[in-house]
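S.K.: One structure, pasted below without further comment.
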Amino acid sequence: MKNRFQDLTSIDFYKNKKQVRWLVFFISVLIGSGSIWYTSLLVEELRERENRQIQLLSSAMEYAATTSENLTFINQEIIQQNYSIPIIMVDSQGDPIEFRNISFKKNSDGRDSIKTLERELLIMQTVYEPIYLQEADIRVFYRNSELLTSLKFYPYVQLAVILVFGILAFALFNQSKISEQNRVWAGLTKETAHQLGTPIASLMAWIDYLRNSPVWEENREIIQEMDKDVVKLRMVTERFSSIGSKPVIQPENLYQVIEETITYLRPRISTKVDMNIHADSKDLEAMMNKPLFEWVIENICKNGVDAMKGKGILTIDVLQDSDKYVIVDISDTGKGIEKKNFRKVFNPGFSTRQRGWGLGLTLAKRIVEGYHGGKIFVKSSEIGKGTTFRIMLLGNMEDVSQFVTEGILEY
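Using full-length UniProt numbering, count along the sequence shown one by one with no gaps and you end on 411.
As C-alpha cells, this is what we get:
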C-alpha cells in the first residue's frame, strides 16, 4: 500500500497534465453516467407507480359510474387523493367533462380555460394512450406529474451545476498556482542576482588590477574578452533583478538591440553558423525592457544553434506588422519541431536535449507575454528543414499602459 502511494505521489502531473485531464474527464463522465442511470431507474419506477395509480383511479371511476351503492370511501380515498397527476376526462364527442391538477393562468376567463384544456389534451395525447371507460363511454387522458418531469431533468441540471463549479474551481486553483509560481520565481531571481553580485564585483576588481599590471600589454586581448564576459555577467544579474521586480518598459531601437545581441553571440557560438539580420527599417522602435528582451533573443538563437548542431543558417527578420505590433521572426535550418509540440516547447522542463533544462523558451514566453504584453509562438516548422519563432512586441506606450491597466502585464 505504501509503495502504491509513493508511485502515485511520484507522478509528474505537470508533464502529464494532458493524461490527467483526460483521466478527470473520464471519471466525470463515469460519475455523470452513473447519476443519469440511477435517476432513470427512479424515474421509471415513479412512472410505473403513476400509471398504476391512474389505472386504479380509472377503475374506481368506472365502478362509481355503474353502481348505485354508497361510494364515499372510493371517492374520498381514491378519486379525490390524486393531487399530482394531471388528468382530463372527455366524453364521446371529445369534450372535457372533468379534470384534475391542471394549472390555469390567474384571472383567466372561460375561453382561456378552454384553450388551456385543449393545449393540455394535445400534450397528453403524445405522452400516453388514453384509458377508455367502456361502461361510461369516457376516455381518460393523463401525463406525467410535475415531480416526475422535474426528476427526469434533474441529473442534467446536476451535471451542469457540477461542471460550472468544476470550471470555476479549476480556474481559481490554476490562478492560485500561477500566483504562487510568480512569487517563487521572483524570489529566486532576486536571490540569484544578490548572490551573483559579490563574485562579479571581485572579478571587476581583478580585471582593473590586470589592466594596471605588467601583463597588460602581453595579454591585452584576453583581458578585454574577460572584461566583456564580466559585463555580460553584470547584464545577467540585471536581468534576474528585473524579473524579480517591476521592469522598466520604454521605446528602443529594435534593430539596434538585436544587432548588439548578435554581435555578442557570434564569437561565442560555432563559426559554422551564419547569422543574418534583415529589417523593413533600421529605425523601427518597440516597447521593451532591453536587458530582458536581449535575453529572449539569446535563448531562441541558442536553441536554434543547438537544433542545427552548430552548423547552418540563422536568420532574423524585423517586420512592421501594424500600428500596434512589431514582429521579429527568428528562423533556423535545424531539425524542426513536430506540430504536436508547438505549444509544449514553452512548457517548463520540456527539452529535446538529454542535458537540457527546458527553461529557455519558458523564460522567453514569460518575458515577452508577461512583462511586455506581446506574443511568442512557433510560426512554422518542418522536420529536417528548420523552425521559425515569431515574437510580436507592442509598438507604442499607449498599448503598454492599456495592458497594465487591464492587469495583463505582471507589473
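Yeah, the Cβ is synthetic: ideal placement off N, Cα and C, and Gly gets one too.
Bear in mind that the values here come from a model prediction, so they are computed numbers and not experimental data.
Taking L121 and I88 to be in contact with their CB atoms under 8 Å, please state how far apart those CB atoms are, rounded to whole angstroms.
M.R.: Yes, they are in contact, since the Cβ atoms of L121 and I88 sit about 6 Å apart, within 8 Å.
S.K.: Less than 8 Å between the beta carbons of N303 and G370, yes or no?
M.R.: No. Outside cutoff.
S.K.: What does the Cβ neighbour count give for V296, buried or exposed, with the cut at 16 atoms within 10 Å?
M.R.: That one is buried.
S.K.: Give the range of the beta strand (DSSP E) segment to which V326 is assigned.
M.R.: Segment 325-332, the beta strand (DSSP E) holding V326.
S.K.: Helix or strand or just coil, what does DSSP make of L361?
M.R.: Three-state result, L361: helix.
S.K.: Just mark P214 as buried or exposed, buried being the case when its beta carbon has 16 or more other beta carbons within 10 Å.
M.R.: Its Cβ having fewer than 16 others within 10 Å, P214 is exposed.
S.K.: Between the Cα of D321 and those of S281, N347, F350, R139, spot the shortest distance and give me the residue it belongs to.
M.R.: Measuring from the Cα of D321, the nearest candidate turns out to be S281.
S.K.: Going by DSSP in three states, P96 sits in which element: helix, strand or coil?
M.R.: Strand at P96.
S.K.: At 4 residues or longer, and completely inside the segment 243-280: list those alpha helix (DSSP H) runs for me, N to C.
M.R.: With a minimum length of 4 residues, the continuous alpha helix (DSSP H) runs that stay inside the segment 243-280 are 254-265.
S.K.: Suppose you measure from the CA of T192 to the CA of I367; what does that come to, to the nearest Å?
M.R.: Distance between the alpha carbons of T192 and I367 is about 17 Å.
S.K.: Under 8 Å by Cβ, that's how I've got Q256 and M287 pegged, so tell me the actual separation to the nearest angstrom.
M.R.: The Cβ separation is near 15 Å, so there is no contact.
S.K.: Quick one: is K105 buried, meaning 16 or more other Cβ sit within 10 Å of its Cβ, or exposed?
M.R.: The residue in question, K105, is exposed, as its Cβ has fewer than 16 Cβ neighbours within 10 Å.
S.K.: Answer with buried or exposed for G395, where buried requires no fewer than 16 other C-beta atoms within 10 angstroms of its C-beta.
M.R.: Buried, by the Cβ-count rule.
S.K.: Evaluate the contact criterion for the segment 215-224 versus the segment 251-270: three or more CB pairs, one atom per stretch, below 8 Å.
M.R.: No contact exists between the segment 215-224 and the segment 251-270.
S.K.: Would the segment 88-102 and the segment 138-149 be scored as touching if the rule is three or more Cβ pairs under 8 Å?
M.R.: Output reads yes: the segment 138-149 touches the segment 88-102.
S.K.: Determine the direct distance from the alpha carbon of H278 to that of L233, and round the result to whole angstroms.
M.R.: Cα to Cα, L233 sits roughly 28 Å from H278.
S.K.: Mind checking who I87 pairs with in its DSSP beta bridge?
M.R.: Partner(s): R100, Y142.
S.K.: Quick check on I131: does DSSP put it in helix, strand or coil?
M.R.: DSSP places I131 in strand when its eight states are reduced to three.
S.K.: Report the rounded CA-to-CA distance for G334 versus D229, giving the unit in angstroms.
M.R.: Distance between the alpha carbons of G334 and D229: 28 Å.
S.K.: Taking E285 as the reference, which of M392, Q158, V164 has the closest Cα?
M.R.: When each option's Cα is compared against that of E285, the closest is M392.
S.K.: How about F389 and I327: are their beta carbons less than 8 Å apart?
M.R.: Not closer than 8 Å, so no.
S.K.: Suppose the cutoff is 8 Å on Cβ atoms and the five residues either side in sequence are ignored; what does the same chain contact list for D274 look like?
M.R.: Only G312, I313, L314 meet the Cβ criterion.
S.K.: Who are the near neighbours of G32 in its chain, counting only those whose CB is closer than 6 Å to its CB and skipping five residues on each side?
M.R.: Hits under 6 Å: L159.
S.K.: Return yes when the Cβ of I383 is within less than 8 Å of the Cβ of G336, no when it is not.
M.R.: In contact: G336 and I383 (Cβ atoms closer than 8 Å).
S.K.: Hey, could you find the ends of the alpha helix (DSSP H) F293 is sitting in?
M.R.: Unbroken alpha helix (DSSP H) run through F293: 290-307.
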